[in-house]
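Novice:
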Amino acid sequence: MVLESFQVGEGDVPTVLLHGFLGSGRNLRSLANAWSAADPRRRFLLPDLTGHGASPVPSPSADLFTVARDVVETARAQGFTGALDWVGHSLGGRVSLAASLHVPESVARVSLLDIAPGPVPFDLSDSGMVLGILLQAPSRAANRKDMRAELSGRGLSDGLTDWLLMNLVTEADGVRWRFDRQALAELHARVNGMDLWVALERPDHPPMRCVRGGRSRYVSDAEAARMEAAGCPVTTLPDAGHFVHVDTAKELLEWLLRG
């Protein structure tokens, strides 16, 4: 499946930037622009992952391997050849690990942005909470203001509400969600439940590294130690939460450029 995507940069080092659950490629545009300016050797592909943004709805059996294959198919369709550098936030990081197992010839290295390889407990997943509220919201509204009121009235913060509203499509009679919320809910359960430790703990894995937010719970100290022992160095950005690319954009870029 070929995904909706856009590109940044014109270099010859192919790099895919993958967003988190309920996001879209646009979430990482600022990071791509800053990284491209600092390292013109790179050419970035920013897809809307399967079921997200303007990309097609996933099949009922879709899992992390399905999404990884879709990213590779999209990259090839866009002229990205050879092994790619994979950089993924949250879900995007898990897709990158799945790619290293399922399409290893397409993976040169993996950079994980605040995510560990193990299954993500539901009570840890911010996306699970947000998805529950999203499923309660109406499918359509007269305008963005009305939909914003629907979400904030169900307890979402202003920041999360505005982030979700990026997924609205404006039509003649109002606004609607761009994605299939139920299909995403089903995909969420499958992708969060998968254990990907084998991707790190096999002896022949490609180079991997991880950055975590000091205020985030997604990569525990125990998980960080286990990742380090498997040859995946972990760096902590003390002032960042889960959205490391938003909270500490400058520090994250410095970390990425060291690779």
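Under UniProt numbering, the first residue of the sequence shown is numbered 1, with each subsequent residue one higher. We put the beta carbon where it would ideally sit given N, CA and C, even for glycine.
Going by alpha carbons, who is nearest to D239 out of S216, A224, G259 and A225?
Specialist: Here residue 239 corresponds to residue number 239 of the sequence shown, with the count starting at 1. The candidate whose alpha carbon is nearest that of D239 is S216.
Novice: Using only the alpha-carbon positions, how far apart do M208 and P233 sit?
Specialist: Residue 208 sits at position 208 when you count from the first residue of the sequence shown. Residue 233 sits at position 233 when you count from the first residue of the sequence shown. Roughly 7 Å between the two C-alpha positions.
Novice: With a CB to CB cut of under 8 Å and the five nearest residues on each side skipped, what residues in its chain are close to P56?
Specialist: As a first step, residue 56 is located in the sequence shown; it is residue number 56 there, counting from the start. Hits under 8 Å: M1, L3 and T50.
Novice: Under 8 Å: do the stretch 102-117 and the stretch 57-72 share three or more Cβ pairs, one atom per stretch?
Specialist: Yes: at least three Cβ pairs fall under 8 Å.
Novice: Label P60 either buried or exposed according to how many other C-beta atoms from any shown protein chain fall within 10 Å of its C-beta, with 16 as the threshold for buried.
Specialist: Here residue 60 refers to the residue found at position 60 when the sequence shown is read from its first residue. So P60 ends up on the exposed side.
Novice: Would A32 pass as a contact of L46 if the rule is Cβ separation under 7 Å?
Specialist: Sequence index remark: in the sequence shown, residue 32 carries index 32 (1-based). Sequence index remark: in the sequence shown, residue 46 carries index 46 (1-based). Cβ atoms of A32 and L46: closer than 7 Å.
Novice: Below 7 Å CB to CB, which residues in the same chain sit around G241 once its five sequence neighbours on both sides are set aside?
Specialist: Sequence index remark: in the sequence shown, residue 241 carries index 241 (1-based). Cβ within range, chain order: G213, R215, S216 and D247.
Novice: Taking the continuous beta strand (DSSP E) assigned at S111, which residues delimit it?
Specialist: Start at 1 with the first residue of the sequence shown, and residue 111 comes out as number 111. Start and end: V107 to L113.
Novice: Can you name, in chain order, every residue of its own chain whose Cβ lies under 8 Å from the Cβ of G11, other than the five neighbours on each side?
Specialist: For the purposes of this step, residue 11 is taken as residue 11 along the sequence shown, with counting starting at 1. Excluding positions up to five away in sequence, the list reads S36, D39, P40, R41, R42 and R43.
Novice: Whole angstroms is fine: what's the gap from V120's alpha carbon to A54's?
Specialist: Here residue 120 is taken as the residue at index 120 of the sequence shown, counted from 1. Here residue 54 is taken as the residue at index 54 of the sequence shown, counted from 1. Answer to the nearest angstrom: the Cα atoms are 25 Å apart.
Novice: Kindly give me the distance between the Cβ atoms of H52 and S90, rounded to whole angstroms, as I take these residues to be in contact under 8 Å.
Specialist: Locating residue 52 in the sequence shown gives position 52, counting from the first residue. Locating residue 90 in the sequence shown gives position 90, counting from the first residue. Rounded, the Cβ-Cβ distance is 12 Å, inconsistent with contact.
Novice: Does DSSP put H188 in a helix, in a strand, or in coil?
Specialist: By one-based count along the sequence shown, residue 188 stands at place 188. H188: helix per DSSP, three-state reduction.
Novice: Output yes or no for whether 7 Å exceeds the beta carbon distance between L113 and V244.
Specialist: Along the sequence shown, one-based indexing puts residue 113 at 113. Along the sequence shown, one-based indexing puts residue 244 at 244. Going by C-beta atoms, L113 is nearer than 7 Å to V244.
Novice: Who pairs with Q182 in a beta bridge, going by DSSP?
Specialist: In the sequence shown, residue 182 corresponds to position 182, counting from 1. According to DSSP, Q182 bridges with nothing at all.
Novice: If you follow the beta strand (DSSP E) that V234 is part of, which residue opens it and which one closes it?
Specialist: Position 234 of the sequence shown, counted from the first residue, corresponds to residue 234. Per DSSP, V234 belongs to the beta strand (DSSP E) from V234 to L237.
Novice: Going by the DSSP bridge assignment, what does W86 pair with across the sheet?
Specialist: Position 86 of the sequence shown, counting from 1, holds the residue named residue 86. According to DSSP, W86 bridges with V16 and V110.
Novice: What's the gap between the Cα of V95 and the Cα of A77?
Specialist: One-based indexing of the sequence shown puts residue 95 at position 95. One-based indexing of the sequence shown puts residue 77 at position 77. V95 and A77: Cα-Cα distance of roughly 19 Å.
Novice: Count the C-beta pairs between the stretch 188-203 and the stretch 139-159 that are closer than 8 Å, then say yes if the count reaches three, no if not.
Specialist: Touching, no.
Novice: Can the beta-carbon of V107 be found less than 7 Å from the beta-carbon of P203?
Specialist: Translated into the one-based positions of the sequence shown, residue 107 becomes position 107. Translated into the one-based positions of the sequence shown, residue 203 becomes position 203. Contact flag unset, no.
Novice: On a Cα-Cα basis, can you pick out the residue from E201, L237 and L256 that is closest to G231?
Specialist: Position 231 of the sequence shown, counted from the start, is the residue given in the question as residue 231. Out of E201, L237 and L256, E201 has the C-alpha closest to the C-alpha of G231.
Novice: At what residues does the beta strand (DSSP E) containing L46 begin and finish?
Specialist: Taking the sequence shown and counting its residues from 1, the one referred to as residue 46 is at position 46. Counting along the chain, the beta strand (DSSP E) containing L46 begins and ends at R42 to P47.
Novice: Which two residues bound the contiguous alpha helix (DSSP H) that contains L131?
Specialist: Locating residue 131 in the sequence shown gives position 131, counting from the first residue. Per DSSP, L131 belongs to the alpha helix (DSSP H) from D126 to Q136.
Novice: When DSSP labels each residue in this structure, what does E251 get in the three-state scheme?
Specialist: Here residue 251 corresponds to residue number 251 of the sequence shown, with the count starting at 1. Three-state result, E251: helix.
Novice: Taking all protein chains shown into account, do 16 or more other C-beta atoms lie within 10 angstroms of the C-beta of D48, making it buried, or fewer, making it exposed?
Specialist: Taking the first residue of the sequence shown as position 1, residue 48 is located at position 48. By the neighbour-count rule (16 or more Cβ atoms within 10 Å), D48 is buried.
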